[in-house]
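Working notes, structure below.
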Amino acid sequence: MRRHKPISRRTLLRGGGVALALPWLEAMKPAAAYAATELPHRPRRFAALYVPNGVRADMWTPTGTGSAFELSPALSSLADLKQDLLVPTNLWNRASEHGDGHYVKTSGWLTCTTITKSIGIDVSCNGVSVDQIAARSVAGQTPLASMELAIDPVSTGVDTNVGYTRVYGAHIAWAGPTKPLARETNPRLAFERLFRLTQPHGSQSQRDLLLLDRVLEDAKRFRDHLGSADRSRMDEYLESVRSLEERLQRSTQFGGTWQPLASLDPQQIPPAEIPDDHQTHVRLMLDILALGFQIDATRVGTFMFGNSVSGKSFSFLDGVQGGHHDISHHQNDPEKLRQYQLITEWHVQQYGYLLRRLRAMEEDESNVLENSIILMGNELRDGNSHSPHNLPLLVGGRAGGRLATGQHLEYDRDTPLANLYVSLLNAFGVPTDQFADSTGPLPNVLTS
Amino acid sequence: MSAHLPATGTLLLLLISTSQAAENGATFDREQASIFLRDYCLDCHGPSNAEAKLDLSLLVESPTANQEGLTEKAALWHQIWLRVKNKEMPPTDATLPEPPERSAFTEWVYQELHQQLCAGGIIPSPPRMRRMNRSEYAGTMRDLLGIQIDAGASLPDDGAGGEGFDNAVETLFISPIHAEKYLDSARNALQYAFADSRTAEQLLIAEPANDLPDSTAAAKVLEAFLLRAFRKPVENAELMHYLGLFNTLYEIEPDYRDAVRQTMEAILISPQFLFLIETPVQSEQPVLLSDYELASRLSYFLWNSMPDERLFELAAKGELSDETVLVGELQRMLGGGDPPEDDKRQRSRRRRDDRVRYFAQNFVEQWLGTRALGRTVIPDPSVGSFDSELEGGMKYEPVFFLDYVLSQNRSLLELLDSDYTFVHRRLARHYGIEGDFREQPRLTELPEGSHRGGLLGMAAVLCVSSYPHRTSPVLRGKWILETLLGTPPPPAPPNVPPLPESGQAQSASSLRQRLELHRQNPACAACHNRIDPLGFGLENYDVLGRWRTEDSQGNSIDSRGELPDGTSFSGPEELKQLLLDHKDDFIRHITKKMLGYALGRSLSLEDTCAVEHIVQRVKSENYASHSLIFGIVQSPSFRYKAGTLPAARVPLEAPSLSVTQN
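Residue numbers (the working numbering), protein chains in the order written: chain A, 231 to 678; chain B, 260 to 921.
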C-alpha cells in the first residue's frame, strides 16, 4: 500500500473541471528542462541470463586461476571480452539439490531456496530472487522496476512425471514467494513499451490517472467483502495498478525526475511477428535488454534462453541434430557430447553478443557494459546428471569499476552460489552481507 | 490385457458396500492388505532401507494399523494403488504377486479408499475468485464489444496448474506489467469498437438529445454495459461511481462519445471485470451458486467467454438453475443439431452456435499438448516440410474433432477410434486422402486403410510426442500412458545408466534393439516394459505423422509390441483396440481433466468421488459426450460454493438431466 509522494494532481482532479479544462498540461510542466546533473551518473545495471539444460561440463572450466587464466573451449569466443569477465567456479546451489532434475533448480537459480513441490495449489519459491532484491534497492528511480524477457511462452500443463507445474520451469525472477514475474516474449511489443516511455505523455497520462484512480476506489469498496486469500489476490492486482499510477506520476508530465539517458530510434523497431529463427529471436530480445539499460528504462533484467527442460531444436546449427534436452542427456555418447558442446558454445556466443552491444553503447567517458553486471549461467552443470555442483557461471561488466574482472576465480568445492549473489548485490550498490543460504561475500570479486 | 482390468472395470466403488464386494468374489480385507504389503513391499520399503524414502511398515506393523481407515494416509494408499495396478511395483526382479492376487489387492484398496473418502458427499470449492486468463480475456472482449480482433494478444501468457490448464486459480499470477497491458488492450479494443459504426451503435444505446441530457444518456449506456462487463446486476452505487467519472471527463472535454469510451476503459480495467468473482458465503454450509454465477461458470466452461444475452435474461428471471431450462441451455451452448437451411434473410446470422469450439480448442490443445506445436515444438526441416498451412491443419484437426464430438453428442470413445476426421487441403494431401478439400478443415469420412481415425492417427499428436529430428517410442508410449490413460510413469531414476557402448550395443543398430537392451536392466524395465511397446505401435507414423513402412535408414518398420502381461499387438489399429479394452481408464482420465478444467483448479483425492460418479453415468449412457458435460454441470462440485466450514459436504445425489444420444 505504498503511496507515492503527494503530487498535487489529486487535489487538482478533485478541484473540478475548470482548473483541469484550462491548459493544465503546460501549467504542470516545470519551467526548465530537468537538469541532467540531478540524475545519478552512470547508473549500475544488473541482468541475469538463464540457459537451460546444463553445459558440456568438461569443456567449461578455464585453465589457470586469477588473472593468469586461459579461456576454455566453451568460452573461447569471448577472447576480446576476457578483461571484462569473471569466471567463478566450484559454486553450488544446495537448496536446489533435491526435488527433481530441473524445475527445482530453475526456479531456485536466483533465489537459492527450495521451491515447494506442487502442481499448482501451493506454488512457492519460498524466497525472493536476487535480481528483485537489486530492483528494490533502486525502486522508483526508473519507470520499470525490472524487465523480464524470455523466448518460450510459459509451457502449459503440469509435469505429471515429476509432479511440478511447468510454471516453475518458466520463471527465474520472483518478486516474492508466490510472485513469479510475467515475461515478455514478443520483441516488437517489448520495444514499443520502451519507446512509449521515452515519448511525452501529453494529456493521456492525466486522464489515465483519472481512470486508475476511479478503478482503485471501485476495488476498495468490495475488496473488504472478500476472504483473506482472495483479498491478497486482489491486492496483487491493485498493486500493479498502483505501480502504473506511480509511473505515470513520475513521468515528465508531473514534474517527475526521470529522463531517458538516450533516445530510441524508432527505425529499430523489430518485426511485428515473432521470428521463427531462434538466433534472430534471441538477439532481438537481447537488444531490448540492452536498449532498456541504455535509456535507463530499468536497471534490472532477466532473460531466459529457453524454459526449463527445453526441447528446442538446435538443428539450425551446423553439426547438430535434435532437441536441446535430449542432447543434454548425452549418456557420454561422443556424438551427443560433440553436439552438446556446439550448443554450449552457441549460448556463450549470444552472451558475447550482448556484452559487445553494451560495450558499444557509450556513456559519458565509458560505456554501458562498464556500468553493468551481466550474469549468465545454468541451474545445473551437466544435463546428464542434473547436478547443481560447480555451476557454469559467467559475470560480465565491471559495475562501474567495482568488479575485479579479468579473472578465473576458483573457490573451495561447494561454496554457496548465494555468496556470489551477495558480492554482486554489493557491486550493484546493495550493502548487504547476506542472501538466502549465503555464508558471506565471495572473496576477490570486488575491486576494493 | 483385459484379465486384470476388472479391478478398474467394475469401479462401482461408490455404490458397492463391502458385503456386496464380497459377494462379487473380492474377499479381501485390511488384514490381507497388510499381508500383501509385508510380502511384496517391505523388503525395499521397510523401516531399515526405505527406498525412495518410503517406509510402508507404518501401514502394516503399528498396533492399530489394521483398525485405521485408509483415509488417514489416503495419498499414500492412492500412490500404492497406482503403482501396483500399473505393475511398476514390485519391480520385475522381485517376488511378484500372481495376477488375481494383485487385482484383488488393488481393487480392495480403491474401493475402500473411495468408500471412506466419499462418505457424506463431496466438498465443493470456495467461491471463485480469479482473473481471466489471456484467452478468456480475448473471448470476453470479443463478445462484450462485438469486435473480431484478439484483444488479448499483447498480454503475457499464462502458466498452468492443477489438471494442466491455464485457467487454474492457483497459477493465475499477477505481475506489475499486467495493469499496463490491460489498460493498453482496453484502449485499443475500445477504439476499434468505436471506430466501427455497427459495433459503436450496439454499445452506445443512447445518445444525448433535446429531451435526453448527456448524463442521463450516459447512465443508460453505462448501466447496460456494466451489467455485461461485471456479469451481474448493477448496484446503484457502482453506476454512480462510473457516471461520476463520465461527468468529470465530460467536463474536461465535452465530447460525449469520447467520455463514454474512456469511462468504459476504466470499467475494463476494474477488477470486477478482469476477475471472475463469486460472492463469498457467510453461512457455514455450502450454498448453491446464484443464477448469474452459474451463467458465468457455464459460459467460461463451454465458451471460454462471458454469458450471452439469453443466459443473462434467464439469470435475471431466476430460471437458469431450473433443471429443464438448464438442459435446454446446455444443448444450445454446445451448438448441437444441424445448421439451419441456408436462408438468404438469415445469412448474416450465426449458422449454429459455434462458441463451443473455443472450449474445444483450449481444452484439447492443453490436454494433448498440441498447443506447443509451432511454438516450442518445431520439427526439423530434415524430417519434411512443416509450413504454416500444415501447422494450421495439424493443430485444428483435434479441435474440430472434439467440437464435433461435443456438438453432435457423439461417443467419447471416438476419440480413441473413429471412421472420420477433419482435414483441409494441405492435411488431406499429407495423409494421402483424396477428395475435394479447401482451406477450412471439414468433416471427412475415412476410406478403408487410411490409418487415421481417433487421436492417435492425428499428425499433431504424433508430432508433439516426437523429437524434432526423429520419432521416439519412449515419448509416444509415455504420451499414451499420461495423456490418454492418466497413468503416467514415475520419473526416471537419477543418473540413468548409459546404454552399453561396446559389444552387444554396437551391433544393436536399430532403436528397438537398443531399447530392448536398456530394458534388460530391471531398474529400467519396471516402467519401460509399459512405456516402450505402446510407442512402438505408432512407429508407422513419422515425426510429421505421415504413414511409413520404412524408417529414414531404410529399415522396415516393426510396429509390434508386447505388454508386461503378455498381451501382444501389431500396428496402430490393434493398439487402438487395446486402448478400447482400457476404455474405462480413458473415460476416467478425460472426466478428471474436464472436471478440473470446468472448475479451474486442481482436483484433490476427495474430488475423485465426483469423478467416479460422473464416470458411472457416462458409462451407463453409452459414453455420449453430453453425459460427461451434463454430469459435470450437474455435479455439486460445479453447482455449489463452499461456506465457512471448510470440510462441509454436499450429497452427491442430484436430479438427473436426461440425455438423448444421436
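Backbone N, C-alpha and C define an ideal beta-carbon position, used for all residues, glycine too. Everything numeric in this text was worked out from a predicted model, so none of it was measured.
Three Cβ pairs or more, each shorter than 8 Å: is that satisfied between the segment 877–890 of chain B and the segment 834–853 of chain B? Contact between the segment 877–890 of chain B and the segment 834–853 of chain B is present, because at least three Cβ pairs lie under 8 Å.
What is the DSSP secondary structure of B:Val-519, reduced to helix, strand or coil? To locate residue 519 of chain B, count along the second sequence from 1; it is residue 260. B:Val-519: helix per DSSP, three-state reduction.
Minimum Cβ-Cβ distance from A:Asn-320 to chain B less than 8 Å: Counting from one through the first sequence, the residue named residue 320 of chain A turns up at place 90. Against chain B, the CB of A:Asn-320 has no partner CB under 8 Å away; the residue lies outside that interface.
Check the Cβ-Cβ distances between A:Pro-383 and every residue of chain B, and say whether any is below 8 Å. Taking the first residue of the first sequence as position 1, residue 383 of chain A is located at position 153. Proximity of A:Pro-383 to chain B, defined by a Cβ-Cβ separation below 8 Å, is satisfied.
Short Cβ contact (8 Å threshold) for B:Thr-635 with B:Val-720: Position 376 of the second sequence, counted from the start, is the residue given in the question as residue 635 of chain B. Position 461 of the second sequence, counted from the start, is the residue given in the question as residue 720 of chain B. Remark: C-beta atoms of B:Thr-635 and B:Val-720 do not approach each other more closely than 8 Å.
Out of B:Leu-502, B:Ala-619 and B:Glu-429, which has the shortest C-alpha to C-alpha gap to B:Phe-560? Here residue 560 of chain B refers to the residue found at position 301 of the second sequence. Distance from the Cα of B:Phe-560 is smallest, within the candidate group B:Leu-502, B:Ala-619 and B:Glu-429, for B:Ala-619.
With B:His-689 as the anchor, note down where its alpha helix (DSSP H) starts and where it stops. If you number the second sequence from 1, residue 689 of chain B lands on position 430. It spans 684–690 - the alpha helix (DSSP H) in which B:His-689 sits, taken as one unbroken run.
Does any C-beta atom of chain A lie closer than 8 Å to the C-beta of B:Val-733? Looking up residue 733 of chain B in the second sequence gives position 474. Taking CB atoms only, B:Val-733 has no neighbour in chain A less than 8 Å away.
Mind pulling the alpha helix (DSSP H) runs of 4 or more residues that sit fully within the segment 416–452 of chain A? Scanning the segment 416–452 of chain A for uninterrupted alpha helix (DSSP H) segments of 4 residues or longer gives 417–428, listed from N- to C-terminal end.
Mind listing the chain B neighbours of A:Leu-456? Cutoff is C-beta to C-beta under 7 Å, in chain order. Indexing the first sequence from 1 puts residue 456 of chain A at position 226. Chain B residues near A:Leu-456: Met-388 and Pro-539.
Mind checking whether A:Leu-494 and A:Phe-452 have CB atoms under 8 Å apart? Taking the first sequence and counting its residues from 1, one reaches residue 494 of chain A at position 264. Taking the first sequence and counting its residues from 1, one reaches residue 452 of chain A at position 222. Going by C-beta atoms, A:Leu-494 is not nearer than 8 Å to A:Phe-452.
Does the pairing of the segment 658–673 of chain B with the segment 687–697 of chain B give three or more beta-carbon distances under 8 Å? Counting Cβ pairs under 8 Å, fewer than three are found: no touch.
Please go through the same chain and pick out, in chain order, the residues whose beta-carbon is closer than 6 Å to the beta-carbon of A:Gln-551, but skip the five residues on each side of it. For the purposes of this step, residue 551 of chain A is taken as the residue at position 321 of the first sequence. In the same chain as A:Gln-551, and ignoring 5 residues on each side of it, the C-beta atoms closer than 6 Å to its own belong to Ser-545, in chain order.
I want to know whether the segment 727–738 of chain B touches the segment 785–805 of chain B - three or more CB-CB distances under 8 Å. Contact holds: three or more Cβ-Cβ distances are below 8 Å.
Does any residue of chain A bring its CB to less than 8 Å from the CB of B:Ala-637? Numbered from its first residue, the second sequence carries residue 637 of chain B at position 378. It is worth fixing the name first, because residue 637 of chain B is Ile in this sequence and not Ala. True, the Cβ-Cβ gap to chain A drops below 8 Å.
Contacts around B:Asp-455, its chain only, beta-carbon distance under 8 Å, and the 5 residues preceding and following it disregarded: Position 196 of the second sequence, counted from the start, is the residue given in the question as residue 455 of chain B. Scanning its chain for C-beta atoms nearer than 8 Å, with the 5 sequence neighbours on each side dropped, one finds around B:Asp-455 the residues Ile-406, in chain order.
Could you have a look at B:Phe-532 and say whether DSSP puts it in helix, strand or coil? The residue given as residue 532 of chain B occupies position 273 in the second sequence. Here B:Phe-532 sits in helix by DSSP.
By Cβ distance below 7 Å, which residues in the same chain neighbour B:Gly-830 in space, the five residues on each side in sequence not counted? Within the second sequence, the letter at position 571 stands for residue 830 of chain B. Same-chain partners within the cutoff: Gly-796, Asn-799 and Ser-818.
Below 6 Å CB to CB, which residues in the same chain sit around B:Ser-607 once its five sequence neighbours on both sides are set aside? Translated into the one-based positions of the second sequence, residue 607 of chain B becomes position 348. Its pLDDT being 40, under 50, B:Ser-607 is placed unreliably by the model, and the measurement read from it follows with that caveat. For B:Ser-607, where only same-chain residues beyond five positions count, there are no Cβ hits under 6 Å.
What does a CB cutoff of less than 7 Å around B:Ser-724 pick up in its chain, not counting 5 residues either side in sequence? Numbered from 1 along the second sequence, position 465 holds the residue referred to as residue 724 of chain B. If you ignore the 5 residues before and after B:Ser-724, its C-beta comes within less than 7 Å of the C-beta of Leu-734, Arg-735 and Trp-738, all in its own chain and listed in chain order.
Chain-ordered neighbours of B:Ser-861 on chain A, where CB pairs are closer than 7 Å: Counting from one through the second sequence, the residue named residue 861 of chain B turns up at place 602. Residues of chain A passing the Cβ test: Ile-349, Gly-350 and Ile-351.
Just to confirm my understanding: we take B:His-749, look at its own chain, exclude 5 residues before and 5 after, and list those with CB closer than 8 Å. What are they? By 1-based counting over the second sequence, the position of residue 749 of chain B is 490. The amino acid at residue 749 of chain B is misidentified as His; the sequence shows Pro. Cβ neighbours of B:Pro-749 beyond the five flanking positions: Arg-342, Glu-347 and Cys-786.
Straight-line Cα distance separating B:Val-428 from B:Arg-898: Locating residue 898 of chain B in the second sequence gives position 639, where the first residue counts as 1. Locating residue 428 of chain B in the second sequence gives position 169, where the first residue counts as 1. One C-alpha to the other measures close to 17 Å.
DSSP three-state assignment for A:His-638, whether helix, strand or coil: Translated into positions along the first sequence, residue 638 of chain A becomes position 408. For A:His-638, the three-state secondary structure derived from DSSP is strand.
Quickly, what does DSSP pair B:Met-388 with across the bridge? List them, please. Taking the first residue of the second sequence as 1, we reach residue 388 of chain B at position 129. DSSP, once it has assigned bridges, lists B:Ile-536 as partnering B:Met-388.
Assuming contact is defined by CB atoms lying nearer than 8 Å, are A:Val-660 and A:Leu-633 in contact in what I supplied? For this step, residue 660 of chain A is matched to residue 430 along the first sequence. For this step, residue 633 of chain A is matched to residue 403 along the first sequence. In this structure, A:Leu-633 does not lie closer than 8 Å to A:Val-660 by Cβ.
Short of 7 Å Cβ to Cβ, which residues in the segment 460–479 of chain A face chain B? Correct list: Asp-460, Arg-463, Met-464, Glu-466, Tyr-467, Ser-470, Val-471, Ser-473 and Leu-474.
Would you grab the beta carbon distance between B:Gly-411 and B:Ser-861 for me? Rounded to a whole angstrom, and I think it's under 8 Å. Within the second sequence, the letter at position 152 stands for residue 411 of chain B. Within the second sequence, the letter at position 602 stands for residue 861 of chain B. Rounded to the nearest angstrom, the Cβ distance from B:Gly-411 to B:Ser-861 is 24 Å, too far for a contact under 8 Å.
Is the segment 365–384 of chain A touching the segment 301–312 of chain A in the sense that three or more CB pairs, one from each, lie closer than 8 Å? A contact is defined here as three or more CB-CB pairs under 8 Å, and the segment 301–312 of chain A fails this definition with respect to the segment 365–384 of chain A.
Go through its chain and collect everything with a Cβ distance to B:Gln-700's Cβ below 8 Å, but skip five positions before and after it. Numbered from its first residue, the second sequence carries residue 700 of chain B at position 441. Checking the sequence shown, residue 700 of chain B turns out to be Pro, not Gln. So the list reads Gly-652, Tyr-655, Glu-656, Phe-659, Phe-681, Val-682, His-683 and Leu-686, once near-sequence residues are dropped.
Would you identify the three-state DSSP class for B:Glu-512, choosing helix, strand or coil? The residue given as residue 512 of chain B occupies position 253 in the second sequence. For B:Glu-512, the three-state secondary structure derived from DSSP is coil.
Closest to A:Leu-584 by CA distance: which of A:Ala-502, A:Asp-594 and A:Leu-519 is it? Here residue 584 of chain A corresponds to residue number 354 of the first sequence, with the count starting at 1. Minimum Cα-Cα distance from A:Leu-584 among the listed residues A:Ala-502, A:Asp-594 and A:Leu-519 corresponds to A:Leu-519.
C-beta neighbour in chain B for A:Gln-429, strict 8 Å: By one-based count along the first sequence, residue 429 of chain A stands at place 199. By this cut-off, A:Gln-429 is not an interface position.
Just to confirm, are A:Trp-339 and A:Ile-402 a CB contact at a threshold of 8 Å? Translated into the one-based positions of the first sequence, residue 339 of chain A becomes position 109. Translated into the one-based positions of the first sequence, residue 402 of chain A becomes position 172. The Cβ atoms of A:Trp-339 and A:Ile-402 sit closer than 8 Å to each other.
Along chain A, in chain order, which residues have C-beta atoms closer than 8 Å to that of B:Ser-413? Taking the first residue of the second sequence as position 1, residue 413 of chain B is located at position 154. The answer, in chain order, is Asn-416 and Leu-419.
Residues bridged to B:Ile-433 by DSSP? In the second sequence, residue 433 of chain B corresponds to position 174, counting from 1. BP columns for B:Ile-433 are empty, so no partner.
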